[in-house]
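Heads up, the thing below is written out as structure tokens.
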Amino acid sequence: MRRAVFLDRDGVLNRVVVRNGKPYPPETIEEFEILPGVAEALRALSRAGFLLIVATNQPDVASGKQRREVVEAMHTKLRAELPLDDIKVCYELDGPTSTCYKPKPGMLLEASREREIDLTRSYMVGDRWRDVGAGRRAGCVTIFIDRGYTEPLVETPDETCADLTQAADFILKHSSAVNPS
9 MRRAVFLDRD
19 GVLNRVVVRN
29 GKPYPPETIE
39 EFEILPGVAE
49 ALRALSRAGF
59 LLIVATNQPD
69 VASGKQRREV
79 VEAMHTKLRA
89 ELPLDDIKVC
99 YELDGPTSTC
109 YKPKPGMLLE
119 ASREREIDLT
129 RSYMVGDRWR
139 DVGAGRRAGC
149 VTIFIDRGYT
159 EPLVETPDET
169 CADLTQAADF
179 ILKHSSAVNP
189 S
């Protein structure tokens, strides 16, 4: 079974727009900017044998605030510039019928089935409590990227880091001790 690092998109891989202490995804491809250090961090994780899988909620498509083709163009840019193995997207709104909207672990469980991933030897990296919740429910080690948002962190992560570079360093240092191959 393989190991993976699951990555939230907005605020982890790309810059977000923060309004009143809350993060929002970029609205246009022109606003979509990959954060400094992300490519290097992902290359290091890939070299260490981790699958790199994005797991992102994009409910603005279901609510009509965003067009699906714009989100897909952003993902085309991610695939072109970063060593990603897959991008899982939940276009649904949060609610009882959704199986994929984080903190539900649906995207992680689906990737695990498709790619034979050992979730207990894998990591979930995100900048919001929903990411931590999805990782915890899937059985992953969870890493919270603290961007200083004002929303409460209602799930407790295994580790807190300032950015993806620091998270990758943590994973590389601790993966063999915590989750041996």
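First residue of the sequence shown? That's 9 in the numbering used here, and the numbers climb one at a time after it. For every residue, glycine included, the Cβ atom is placed at its ideal position computed from N, Cα and C.
Contact between the segment 23 to 40 and the segment 69 to 89 is present: 3 or more CB-CB pairs across the two stretches fall below 8 Å. Of Val-78, Leu-161, Arg-27 and Glu-77, the smallest CA-CA separation from Pro-111 is found for Leu-161.
Rounded to whole angstroms, the gap between the alpha carbons of Asp-93 and Met-115 is 14 Å.
The C-beta distance from Ala-146 to Leu-53 rounds to 18 Å, too long to fall under 8 Å, and the pair is not in contact. For Met-132, the beta-bridge partners assigned by DSSP are Phe-14 and Thr-150.
In the DSSP assignment, Asp-94 falls within the beta strand (DSSP E) that extends over 94 to 98. Counting along the chain, no alpha helix (DSSP H) covers Lys-110, and no H or E run does either.
Your pair Tyr-99 and Val-69 checks out as a contact, with CB atoms roughly 5 Å apart and the cut at 8 Å.
The beta carbon of Leu-180 sits closer than 8 Å to the beta carbons of Ala-52, Leu-53 and Ala-56 from its chain, once the five residues preceding and following it are set aside; these are given in chain order. Of the candidates Arg-23, Thr-150 and Pro-67, Pro-67 places its Cα closest to the Cα of Gly-103.
Annotation for Thr-64: the continuous beta strand (DSSP E) segment containing it runs 59 to 65.
Within its own chain, the residues whose Cβ lies closer than 8 Å to the Cβ of Glu-41, once the five positions on either side in sequence are excluded, are Asn-22, Arg-23 and Pro-34, listed in chain order. In the same chain as Gly-45, and ignoring 5 residues on each side of it, the C-beta atoms closer than 8 Å to its own belong to Asp-171, Leu-172 and Thr-173, in chain order.
With respect to Met-132, Thr-150 sits close: the two C-beta atoms are nearer than 8 Å.
Closest by C-alpha distance to Ser-130, out of Ala-119, Trp-137 and Arg-138, is Ala-119. Pairing Leu-59 with Leu-90 gives a Cβ-Cβ distance that is not under 8 Å. The beta-carbon distance between Cys-169 and Phe-14, rounded to whole angstroms, is 15 Å. This is too long to meet the 8 Å contact definition.
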